[in-house]
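Line order of the protein sequences matches chains A and B.
Heads up, the first sequence is in our numbering, so the first residue is 6 and it goes up one at a time.
Heads up, the second sequence is in our numbering, so the first residue is 8 and it goes up one at a time.
Glycine included, every Cβ here is placed at the ideal spot set by N, Cα and C.
The structure displayed is predicted, hence computed values, not measured ones.
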Amino acid sequence: MSAKTMSRLSITKTPKVYIGGAFVRSESARTYKVSDAGGAFFANMPQCTRKDLRNAVEAAAKAGPGWAKRTPYNRAQILYRLAEMIEARSAELVASLVQFGARQADASKGMTVCVDRLIHYAGWADKYEQLIGSVNPVASAHFNFTVTEPMGVVGVIAPDTPPLLGLISMIAPVIACGNTVVALASEKVPYPAILLGEMLATSDLPGGVVNLLTGFRKELIPTFATHAHIRAVYAAAGDEDRRTLRLGAASSVKRVRFAAADTRWFDDSAQGLGVIRDFVELKTTWHPIGS
Amino acid sequence: MPKSKDTREARGRLIFGNLWEFDPAPETADPKLKPRYDLFIGGKFVRPKTEKYFDSINPGNERKLSEIALAGPADVDAAYRAASAAFKGWSALPGGERGKYLFRIARLLQDRAREFAVAETMDGGKPIKESRDFDVPMAAAHFFYHAGWADKLEYVAPGRTVKPLGVVGQVIPWNFPLLMLAWKLAPALAMGNCLVLKPAETTSITALKLAEILQDAGLPDGVVNFVTGAGETGAAVMGHPAAAKVAFTGSTEVGKAIMRQLAGTDRKMTMELGGKAANIVFDDAPIDQAVEGIVNGIFFNQGHVCCAGSRLLVQESVAERIVSKLKTRIRMLRVGDPLDKNTDLGAINSKAQLNTIKRLVASGVREGATMYQPPCVLPQRGFYFPPTLFTNVTQSHKVAREEIFGPVLSILTFRTVDEAIEKANNTPYGLSAGVWTDKGSRILRMSTELKAGVVWANTFNRFDPSSPFGGYKESGFGREGGRQGLLDYASIQ
């Protein structure tokens with residue numbers, strides 16, 4: 006941060022990643038330098054390691070059963086609360102996006118879409134079940150029904166553009182249906198994710214439900230692929246990363262969904278039931294009907 | 008030491024053993040087999056470009072039944088070309104018309120049900136009572152159910168439009184040859200896709216007989232194509248660049264290999280893989296009904312069932328009683344000629360599978376579990392294995408962890424509900440589970456906690472076209488059956 010124009014030397018923030026409800030540096034103490042759009046030094050970001058990723062998975066796994074057992078109504082309210090937290094600090098988020106090269110108009114528009122997208126998925130939390138699940142008319146004396154269940158820990162790998170809207174659009178549907186998340190923020194523009202962590206911490210989302218890492222995709226994607234406790238991955242990724250993720254996924258039959266390269270993140274078409282459907286398991290129960 | 012009530016019960020029970028042999032009661036309907044089956048491509052039976060054929064034998068007596076064409080890469084390619092050519096017309100048909108073809112197929116299969124049942128039993132080794140009462144009628148039911156969806160696709164995904172994907176490549180296993188084929192064909196066709204399917208190499212005959220029905224039904228040429236062969240042919244079907252989607256049912260090992268094979272592509276996939284299902288019996292369960300359910304859970308189709316209840320978890324307080332009743336019950340199971348209407352356990356599907364079962368059973372004995380097999384005389388020829396129980400099994404034993412795919416049951420015990428849940432979920436698989444209890448609330452608690460795609464309460468191995476089937480974890484992804492299964496063959500726009 007340039008101090009040239011300031012009359013007093015400002016207090017700069019040390020960026021920390023949000024894991025298990027706490028703000029931490031990488032266990033390795035490694036950082037990487039991030040500059041703003043003008044090329045000036047901005048901050049040293051945590052360069053998270055595979056070990057940090059494993060720690061985050063552990064935190065997500067621990068938070069999982071509790072989050073999955075929350076009532077859908079409660080999950081809806083917590084997502085709504087998160088939107089409230091973001092709306093209140095949207096000026097700061099817009100400024101951070103502009104600082105890293107977004108046009109003012111795009112950043113402002115993106116911010117409103119972020120909030121609206123959270124509201125959209127907050128509303129889904131207690132509705133998708135009736136659309137994805139079913140009661141099945143089997144030809145025997147059984148009450149047969151199919152319900153959804155969260156998959157567990159889901160890895161999210163966010164796009165570089167738009168860094169914040171992409172991240173939020175990918176996390177929201179995954180947690181709305183009861184999964185917990187370990188997300189890797191945009192490598193190029195990680196700072197908005199650091200701010201998002203602060204908002205997650207002040208929303209009512211329990212610690213560990215969303216864990217945000219910053220660092221290098223090249224270092225972390227192979228572990229996202231192979232970590233057996235990550236049950237699904239939702240990634241904005243190019244051909245090479247897709248291949249790595251799919252290869253790793255095979256060893257534990259992990260579910261993989263990719264955000265299409267041409268996703269129009271600002272558009273309503275980037276949201277809906279389809280993403281939720283990809284991050285739930287379907288369970289069918291045959292319950293006897295007494296005589 | 009006072010004898011337990013069950014030992015007294017057992018003593019008073021009438022077990023005649025081999026005192027009087029049953030008269031043979033063979034099913035005699037003509038399976039109408041051809042001496043040689045070609046590939047079914049573009050609506051016609053065509054000779055394979057490899058010019059090679061392999062024998063299909065009857066595992067019940069090891070006699071040759073027929074010769075099956077071996078499809079090479081050029082044949083698979085021809086099948087994909089035929090399917091691609093047919094796609095435009097088939098997908099453009101009004102849904103109602105597509106549905107009528109499926110209704111026709113269901114009816115024509117019902118017409119020839121007995122013939123198909125005999126063919127299925129001779130080719131695969133399953134008891135005639137199962138192919139006759141389960142496989143064939145259920146296959147027809149799948150066509151009938153999905154037929155009705157074809158003109159109602161706008162209701163499948165609320166708020167969205169669904170479209171067929173294109174050409175789908177499918178590979179199916181040998182345990183339910185015709186039924187798995189129906190599970191694959193019916194939803195894919197209802198949605199408007201065209202297909203290239205490979206049956207398992209030991210059980211290709213009923214697929215090729217169904218091809219005759221497809222011809223009789225007037226199904227447009229190329230909409231469905233069957234290529235036969237072993238693993239290499241399967242890899243060619245899964246890897247063909249013209250496939251918009253692949254659907255595989257088989258072992259977890261092969262499923263993973265396919266996922267790796269296709270890692271560099273954006274191919275849609277459905278995987279229905281292995282299982283090691285827990286069948287959990289609580290002390291308040293109706294015991295006799297549970298014993299029947301345990302027997303059905305593991306000995307149905309000689310245990311060649313991916314969702315077989317191969318890990319029995321019994322509450323400690325009733326364990327002795329249940330094991331004793333089980334031993335008595337399996338002494339009554341008749342192992343032998345699959346075509347005999349009295350047979351309970353038919354033939355193991357192949358020599359290779361018989362060897363796998365023997366190897367895993369030997370590991371159970373070696374690792375210290377206690378084996379029980381009832382006295383029974385197995386036929387001289389053919390591949391047979393007696394019903395087998397293992398007690399004193401621990402969770403680390405191979406017989407408690409690996410899918411055996413044979414008539415082998417591992418019995419473990421538990422004390423509390425939580426312990427039952429913990430043990431049931433302690434597996435990389437998650438296809439199915441069974442719960443036996445008198446309490447409705449406990450059924451729902453267990454169903455909520457069990458990490459499995461299908462949970463049967465006070466029943467086991469039940470299927471229905473309207474009931475989605477498929478796994479959690481390493482048992483695969485995607486569903487077959489119901490609205491959910493249909494959606495796996497759609498592109499949602």
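> In the DSSP assignment, what residue or residues form a beta bridge with residue 483/B?
Replying inline: Paired residue(s): 279/B.
> In chain A, which residues lie less than 7 Å from residue 475/B when you measure between Cβ atoms?
Replying inline: By Cβ distance, chain A contributes 151, 287 and 289.
>> Per DSSP, what are the beta-bridge partners of residue 74/B in this structure?
In response: According to DSSP, which records beta bridges pairwise, residue 74/B is partnered with 43/B and 62/B.
> Going by other Cβ atoms of all chains shown within 10 Å of its Cβ, with 16 needed for buried, is residue 32/B buried or exposed?
Replying inline: So residue 32/B ends up on the exposed side.
>> Give me the DSSP bridge partner(s) of residue 201/B.
In response: DSSP, once it has assigned bridges, lists 174/B as partnering residue 201/B.
>> Mapping the DSSP letters down to three states, classify residue 249/B as helix, strand or coil.
In response: In the structure shown, residue 249/B sits in coil (DSSP, three-state: anything other than H, G, I, E or B).
> In chain B, what lies closer than 7 Å to residue 264/A by C-beta?
Replying inline: Neighbours of residue 264/A on chain B: none; closest Cβ ~12 Å, over 7 Å.
> What residues from chain B crowd round residue 108/A, counting only those whose CB sits closer than 7 Å?
Replying inline: Within chain B, not a single residue places a beta-carbon under 7 Å from that of residue 108/A; the smallest gap is close to 31 Å.
> Who are the Cβ neighbours of residue 4/B in its own chain at under 7 Å, not counting the five residues just before and after it?
Replying inline: Past the boundaries of the shown model lies residue 4/B; chain B is included only from 8 to 500, so the question cannot be answered.
> Apart from the five residues just before and just after residue 268/B, which ones in its own chain have a Cβ nearer than 8 Å to its Cβ?
Replying inline: If we look at residue 268/B and ignore the five residues flanking it on each side, its Cβ neighbours are 242, 245 and 246.
> Do residue 153/A and residue 474/B have their C-beta atoms closer together than 9 Å?
Replying inline: Contact annotation: residue 153/A and residue 474/B have beta-carbon atoms that are not nearer than 9 Å.
> Taking only runs of the alpha helix (DSSP H) that begin and end inside the region 152-237 of chain A, which ones reach a length of at least 4 residues, in chain order?
Replying inline: Taking only runs of at least 4 residues, the alpha helix (DSSP H) segments lying wholly in the region 152-237 of chain A are 168-181, 196-207 and 222-231.
>> Against chain B, does residue 141/A count as a neighbour if the rule is that its beta carbon must be under 9 Å from one of theirs?
In response: Put simply, the CB of residue 141/A is near chain B, with a gap under 9 Å to one of its CB atoms.
> So the alpha helix (DSSP H) residue 365/B belongs to, where does it begin and stop?
Replying inline: 358-373 is the span of the alpha helix (DSSP H), which, as asked, contains residue 365/B.
> In angstroms, rounded to a whole number, what distance separates the CA positions of residue 133/A and residue 82/A?
Replying inline: For the pair residue 133/A and residue 82/A, the Cα-to-Cα distance works out to about 15 Å.
> Does the beta carbon of residue 247/A sit closer than 9 Å to a beta carbon anywhere in chain B?
Replying inline: Cβ-Cβ to chain B under 9 Å: yes for residue 247/A.
>> With three or more C-beta pairs closer than 8 Å as the rule, is the region 109-123 of chain B touching the region 258-274 of chain B?
In response: No: the two stretches stay apart, fewer than three of their Cβ pairs being nearer than 8 Å.
> Can you name the residues of chain A whose CB is closer than 7 Å to the CB of residue 308/B?
Replying inline: Among the residues of chain A, none has a CB under 7 Å from the CB of residue 308/B; the nearest is roughly 19 Å distant.
>> Which residues does DSSP list as the beta-bridge partners of residue 106/A?
In response: Residue 106/A is not bridged to any residue.
> Taking the C-alpha atoms as reference points, what is the distance between residue 21/A and residue 430/B?
Replying inline: So the two alpha carbons sit approximately 40 Å from each other.
>> Check whether the region 460-470 of chain B and the region 308-322 of chain B touch, using three or more Cβ-Cβ pairs below 8 Å as the test.
In response: A contact is defined here as three or more CB-CB pairs under 8 Å, and the region 460-470 of chain B meets this definition with respect to the region 308-322 of chain B.
>> Measuring only the C-alpha atoms, how far is residue 289/B from residue 353/B?
In response: Between residue 289/B and residue 353/B, the C-alpha separation is close to 30 Å.
> Per DSSP, residue 318/B forms a beta bridge with which residues?
Replying inline: Bridge partners of residue 318/B according to DSSP: 285/B and 417/B.
> Are the region 54-70 of chain A and the region 36-44 of chain A touching, with three or more C-beta to C-beta distances below 8 Å?
Replying inline: No, they do not touch.
> Exposed or buried, which one is residue 78/A when buried takes at least 16 other CB atoms within 10 Å?
Replying inline: Exposure of residue 78/A is indicated by the presence of fewer than 16 other C-beta atoms within 10 angstroms of its C-beta.
>> Between residue 248/B and chain A, is the shortest Cβ-Cβ distance under 9 Å, so that the two count as touching?
In response: For residue 248/B, the nearest beta carbon of chain A is not closer than 9 Å to its own beta carbon.
> Considering only residues of the same chain and omitting the five flanking positions on each side of residue 81/B, which have a CB-CB separation below 6 Å?
Replying inline: Cβ within range, chain order: 56.
> Expressed to the nearest angstrom, what Euclidean distance is found between the alpha-carbon atoms of residue 85/B and residue 48/B?
Replying inline: Residue 85/B and residue 48/B have their C-alpha atoms roughly 7 Å apart.
> Is residue 372/B buried or exposed, if buried means 16 or more other CB atoms sit within 10 Å of its CB?
Replying inline: Of the other Cβ atoms in all chains shown, fewer than 16 fall within 10 Å of the Cβ of residue 372/B; this residue is therefore exposed.
>> Once the 5 residues before and after residue 70/B are set aside, which same chain residues still bring their CB inside 7 Å of it?
In response: The residues are 64.
>> So with CB distances below 7 Å, who are the chain A contacts of residue 479/B?
In response: Residues of chain A with a Cβ closer than 7 Å to the Cβ of residue 479/B are, in chain order, 286.
> For residue 125/A, which of helix, strand or coil comes out of DSSP?
Replying inline: If DSSP states are grouped into helix, strand and coil, residue 125/A belongs with the helices.
>> Taking 8 Å as the cut-off, is the beta-carbon of residue 110/B closer than that to any non-hydrogen atom of the ligand FMN?
In response: Of the ligands one can find in the structure shown there are none, so the ligand FMN has no counterpart to examine.
> So, helix, strand or coil for residue 441/B, using DSSP?
Replying inline: If DSSP states are grouped into helix, strand and coil, residue 441/B belongs with the strands.
> From residue 138/A to residue 425/B, what does the alpha carbon distance come to, in whole angstroms?
Replying inline: If you take the alpha carbons of residue 138/A and residue 425/B, they lie about 26 Å apart.
> For residue 272/A and chain B, any beta-carbon pair shorter than 9 Å?
Replying inline: For residue 272/A, the answer is no, since every Cβ of chain B falls outside 9 Å of its Cβ.
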